[in-house]
Every structure is written in structure tokens, then in C-alpha cells.
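Please read the structure below before turning to the comments.
Protein chains: 2
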Amino acid sequence: MSMSLQIEPRPALPLCPIEPAAHIIGQKWTLQIVYFLLDSPSMRFCELQDRLGGVNPSTLSSRLKMLEEEGIVRRTQISAIPPHVEYSLTEMGRSLEEVIRAVTQWSNTWLCGCCS
Amino acid sequence: MSMSLQIEPRPALPLCPIEPAAHIIGQKWTLQIVYFLLDSPSMRFCELQDRLGGVNPSTLSSRLKMLEEEGIVRRTQISAIPPHVEYSLTEMGRSLEEVIRAVTQWSNTWLCGCCS
DNA sequence: AAATCATACTATAATAAACGTAGTACTATG
DNA sequence: CATAGTACTACGTTTATTATAGTATGATTT
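Just so you know, the sequences run in chain order A and B. FYI, our numbering numbers position 34 of the first sequence as 34, with every residue one higher than the one before it. FYI, our numbering numbers position 77 of the second sequence as 77, with every residue one higher than the one before it.
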């Protein structure tokens with residue numbers, strides 16, 4: 001038997017299990033959007049725009065679209081006078097409450113909104 | 001008494017309390033970096049690079065610099081042979097464990113690493 | 001009827017963030 | 001002397017986010 005020199009395929013590194021979540025959460029404005037939607041049953045586009053204070057409407061639009069595609073946000077057309085659109089969290093979206101809670105806790109403890 | 005027409009200064013909207021945290025966490029790679037650093041006492045630049053699989057070294061460099069400035073990551077020069085650099089979490093960084101835990105939980109429940 | 005307002009966006013051009021690729025500077029090892 | 005490991009930086013390109021303006025619809029005011 002001859003041992004031939006060959007390159008061992010190196011064992012795959014363990015993947016980062018939070019990567020898919022980080023892909024969603026680690027985008028600008030996502031956490032804030034979820035934060036506000038957790039706080040009220042539904043919000044309008046302009047309302048979110050105001051609350052986020054300074055987000056670009058194009059960015060907000062694409063972020064909401066992405067969150068809808070991911071199953072986190074629900075978009076509802078309301079046929080009232082005047083007709084408008086309401087955004088709310090799905091069950092999947094509401095389940096981010098634990099994450100938001102942890103972030104809020106951390107933020108209050110370490111970033112200290114009181115003494116900036 | 002005459003009622004003069006005047007514009008009420010509208011009450012300031014309540015700020016988003018997680019904004020400072022979102023500013024840090026909501027950047028690409030931050031969550032993954034913290035995830036891996038929580039898992040081992042310290043890591044090297046190249047090690048992180050490998051684990052993150054595909055991050056640009058410039059981006060990783062600036063992200064680590066930012067995390068160091070924020071007080072989350074500690075950079076230590078090791079004068080051994082060969083000399084190198086080790087990155088580890090500060091107490092503030094380690095306190096992100098709750099956040100990572102919540103994200104991991106959510107990721108496992110809803111993004112289902114098993115059936116992508 | 002015309003102008004104005006509210007709502008929910010889209011369009012455009014500019015800047016900032018992240019990217020791929022390559023290269024640098026150091027030490028050690030073959 | 002060439003190659004390898006470590007920790008980056010440099011360069012030019014693509015993608016994301018931004019500021020600002022504009023569109024489309026329907027209702028309300030003049």
C-alpha cells in the first residue's frame with residue numbers, strides 16, 4: 001500500500017447558529033421597528049417614520065418589506081376614510097419580545113440613557 | 001381675553017430607549033463576534049475571520065475597533081513567539097450573554113437551522 | 001372647481017458601509 | 001533564501017443608507 005500525499009479536506013468549522021437571526025436583526029432600524037410595534041397593536045408608515053426619527057422612507061419601506069417577507073411583520077390595508085396601511089407584528093414577530101427585553105435591560109444597565 | 005392663534009409646540013415623542021444599543025448591535029457582524037467571544041476566553045483576528053466565514057478584514061478590523069471603543073471588547077498584545085493579538089470580552093461584553101441567549105433561542109425556534 | 005391636506009410611498013443622486021482582492025510588516029521555520 | 005503564520009492596511013467596486021423631492025390617491029376646505 002502506498003501512502004499518497006494528499007490534502008486532507010479540513011473539517012468544517014462549526015457554523016454560527018445565530019447567523020440567520022443576525023442577518024435580520026443586524027440590519028439598521030430592525031430592532032427599533034420591532035420595539036415600537038411591540039408597544040402598540042399596530043402602526044402606520046408615517047407614525048413609524050416619526051418615531052424612528054430620521055429614517056429614510058425608502059429604507060423604512062424596504063425594511064418593512066423584508067420583515068414582512070421574513071414573516072415578522074404583517075401589512076394590512078385598511079379601507080376606511082381615508083384609507084391607509086397598518087403594520088403589526090405576527091406571532092413570530094411578537095416572539096422577539098424576549099430579545100427586545102434583553103437588549104433593553106442591557107441598554108439601561110450599560111449605556112445608561114440617563115447620563116449620556 | 002382674546003384667544004390668539006398660535007402653534008402649540010407639539011410634545012416631544014418618547015425616544016426609543018434601545019437606540020444606543022441598536023446602534024451597536026444593529027451593525028453587521030457584531031452579534032456573531034460577541035457570540036464567538038462568549039464561547040472562548042479569547043480569540044485571534046484570523047481565528048475570528050475564519051469563524052465568521054467571509055467577513056472582510058477591513059470590516060472586521062473596524063468592527064473590533066468600534067467594539068473596543070464602546071468598552072465591549074478588550075484587545076491584548078501577547079509578547080510571545082510569535083507575538084500576536086488576542087481579543088476577549090470585557091465585563092460589559094460578557095453581559096451581552098442574555099441578549100445572545102435570547103437571540104439563539106429565537107433563532108432556533110423560528111429560523112429552524114435544521115430545515116433551511 | 002381649484003387648491004390644500006393626509007397618507008404611503010417611489011425616484012434620484014450623493015455618501016457611507018461592506019466587499020473582494022492584493023499587499024505590507026514582522027517573526028520564525030525549512 | 002524562500003515560505004509560512006499573524007495581523008492587519010490599501011485600493012477600487014458594489015451595496016446600503018441618506019437627503020431631498022416628487023407621485024398617487026382620496027378627502028376637505030375655499
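Ideal placement from N, C-alpha and C gives every residue a C-beta, glycine not left out. Remember, it's a predicted structure, so these values are computed and weren't measured experimentally.
From the listed residues B:44, B:108, B:92 and B:34, the smallest Cα separation to residue 82 (chain B) is found for B:44.
Sequence-ordered contacts of the segment 84 to 108 of chain A with chain B read 92, 95, 96, 98, 99, 100, 101, 102, 103, 104, 105, 106, 107 and 108 [C-beta pairs closer than 8 Å].
Rounded to whole angstroms, residue 29 (chain B) and residue 80 (chain A) show a C-alpha spacing of 43 Å.
Residue nearest to residue 15 (chain A) within the set B:36, B:40, B:67 and B:63 is B:36 (criterion: CA-CA distance). The three-state secondary structure of residue 90 (chain A), taken from DSSP, is coil. Within the segment 39 to 104 of chain B, the complete beta strand (DSSP E) segments at least 3 residues long are 73 to 78 and 84 to 89, listed from N- to C-terminus. At a cut-off of 8 Å between C-beta atoms, residue 51 (chain A) counts as an interface residue with respect to chain B.
For residue 18 (chain A), the secondary structure class from DSSP, reduced to helix, strand or coil, is coil.
Secondary structure at residue 32 (chain B): helix, using DSSP grouped into helix, strand and coil. With a contact defined as Cβ atoms closer than 8 Å, residue 22 (chain B) and residue 31 (chain A) qualify at about 4 Å. Inclusion of residue 104 (chain A) and residue 18 (chain B) in the CB contact set at 8 Å is warranted, their separation being smaller than that value. A distance below 8 Å between beta-carbons, with the five flanking residues on each side excluded, links residue 72 (chain A) to the following residues of its chain, in chain order: 24, 34, 89, 90, 92, 93 and 96. Under the Cβ criterion of 8 Å, residue 46 (chain B) is not counted among the residues facing chain A. Within chain B, the residues whose beta carbon sits less than 9 Å from that of residue 26 (chain A) are 25, 26, 27, 28, 29, 30, 31 and 32, listed in sequence order. Residues 88 and 90 of the same chain have their beta carbon placed closer than 6 Å to that of residue 74 (chain A), with the five preceding and five following residues left out of the count.
For a cut-off of 8 Å, the C-beta gap from residue 76 (chain A) to residue 86 (chain A) is around 5 Å, short enough to register as a contact. The shortest CA-to-CA distance from residue 38 (chain B) to any of B:60, B:53 and B:98 is the one to B:98.
Neighbourhood of residue 41 (chain A) in chain B, by CB distance below 9 Å: empty, with the nearest CB roughly 17 Å away.
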